[in-house]
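Residue numbers (the numbering used here): 600 to 1042.
What follows is the structure, encoded as structure tokens:
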């Protein structure tokens, strides 16, 4: 059963996020870490120990942690392109067509993102920017409770569009044989990557950051993951760049009387299906809609295969929030800064300008968030846990570097040089000032 809250109750419960570092972990994890490392460790300490082991022991640590943490060691740490192509060719026609449509739309959207060189010519010379792709990128694709080929496409294709020459995909084994789900191999082939690496969790992030005998070190790591993966990304930042630190997925729906209760309920259940830590929240001024959605969720939940996971999500961080008006609902949404914000209202355009913080805005009754998950076009890798206040969805911009270009001519240097020298003197940097005057004295 999904609960109904007033605004004050929600603010003190489902709208209040805990820092990722404070997340509770199962007792079984704590026991495993104590057995492995000989002492009681928290998440931060356990991840640090895993990273250190991978950095010093390489492939051997990946096999060990796969066996002891994931319950299965990789059969091979690297699967070459022939294996990926075979998996693609083995897909049924309907699945292959759906994946091709998704890939084409993701590619088309990201090709439109404006990332280019530009040069500005003036009397003082030339200024501008050069755009260069990052040379080596690692993309983590979570395994968890289900294979996610969509996550692979949504991360790898923007990197391909950006021109990244070396893309390393890494994902955990999903079968007792120690291999990923075949559909992930097929997605890797469709995305155009030459091989796929097999490892999961913190050890996979460590392998990408520092390299092993089988897994090449990269310059930047992208892709979502669970608690251990996210903590590992945090710890290796500086050794490599990151796209972001992602918490559990979340959707907030702002709806009015025009919304169909069964459609709203279906959207909430789709979000809750991801994970027991996922958040699915409806914000509405309509008591009628709130009560109808509550009833529909209860009815629709019964026959879903992942009902236990959904029920856990609905109990933990999901709910229906009653507000005084749609304007108040948009205020709640801006404060929450959801990964996905769905405007299931009669006139979404009227409210769009008031939206300040969201990873993605899904406008109107036909813009299902699930379409964004798979085939709409923008990457579904979006900021979570309130980070939409300062972060953006994954895009081509995450896979390029901007290099500033300085090409001053003699006249320009003479004209602006005295100001540079004076500012250097105010900072007590005489060598800086002399570097300017040395050129002036020789011209």
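The beta carbon of each residue, even a glycine, is placed where N, CA and C say it ideally should be. Remember, predicted model here, so these are calculated numbers, not experimental data.
- Exposure of residue 948 is indicated by the presence of fewer than 16 other C-beta atoms within 10 angstroms of its C-beta.
- Nearest neighbour of residue 793 by Cα position, chosen from 908, 759, 728, turns out to be 759.
- When rounded, the separation of the alpha-carbon atoms in residue 967 and residue 867 is 11 Å.
- Ranked by how close their Cα comes to the Cα of residue 611, the residues 916, 771, 1003, 964 have 916 in first place.
- The segment 947 to 966 and the segment 899 to 915 do not touch, with fewer than 3 CB-CB distances between them shorter than 8 Å.
- Beta-bridge analysis with DSSP links residue 732 to 999.
- In the displayed model, residue 1008 falls within coil according to three-state DSSP, outside both helix and strand.
- According to DSSP, residue 632 shares a beta bridge with no other residue.
- Annotation: the segment 604 to 689 contains the following complete segments of the alpha helix (DSSP H) (minimum length 4 residues), in chain order: 606 to 610, 626 to 636, 642 to 656, 658 to 668, 680 to 688.
- The beta-carbon separation of residue 840 and residue 740, rounded to 18 Å, does not stay under the 8 Å limit for a contact.
- Taking the C-beta atoms as reference points, residue 729 is found no nearer than 8 Å to residue 842.
- The beta carbons of residue 922 and residue 884 sit closer together than 8 Å.
- Distance from the CA atom of residue 1014 to the CA atom of residue 1037, rounded to whole angstroms, is 14 Å.
- The Cβ atoms of residue 941 and residue 804 do not sit closer than 8 Å to each other.
- Put simply, the backbone Cα of residue 899 is about 39 Å away from that of residue 710.
- For residue 878, the uninterrupted beta strand (DSSP E) segment begins and ends at 878 to 883.
- Collapsing the DSSP output to three states places residue 852 in a strand.
- Residue burial annotation: residue 811 is buried, with at least 16 other C-beta atoms found within 10 angstroms of its C-beta.
- Between the alpha carbons of residue 972 and residue 747 lies a gap of roughly 10 Å.
- Judged by beta-carbon spacing, residue 976 lies within the 8 Å limit of residue 708, meaning their Cβ atoms are closer than that value.
- A residue is called buried when at least 16 other Cβ atoms come within 10 angstroms of its Cβ; residue 987 meets this threshold and is buried.
- When C-beta atoms of the segment 672 to 686 are compared with those of the segment 780 to 793, three or more pairs fall below 8 Å, so the two segments count as touching.
- Under the three-state reduction of DSSP, residue 754 is assigned to helix.
- Going by DSSP, residue 794 is part of the beta strand (DSSP E) stretching over 794 to 797.
- Out of 757, 727, 844, the CA that lies nearest to the CA of residue 712 is found in 757.
- Cβ contact annotation for residue 761 (same chain, cutoff 7 Å, sequence separation greater than five): 732, 995, 998, 999, in chain order.
- In the displayed model, residue 919 falls within a strand according to three-state DSSP.
- The DSSP assignment places complete alpha helix (DSSP H) segments of no fewer than 4 residues inside the segment 822 to 853 at 826 to 835, in order along the chain.
- Close CB contacts of residue 834 within its chain, under the 7 Å cut and outside five residues either way in sequence, are with 646, 647, 650 (chain order).
- Bounds of the beta strand (DSSP E) holding residue 959 are 959 to 962.
- Here residue 767 is buried. Its C-beta has 16 or more other C-beta atoms within 10 Å.
- Per the coordinates, the alpha-carbon of residue 615 lies some 53 Å from the alpha-carbon of residue 724.
- Between residue 770 and residue 801, the gap from beta carbon to beta carbon reaches 8 Å or more.
- In terms of Cβ geometry, residue 879 and residue 889 do not form a close pair [threshold 8 Å].
- A check of alpha carbon separations from residue 877 across 787, 926, 825, 672 identifies 825 as the nearest.
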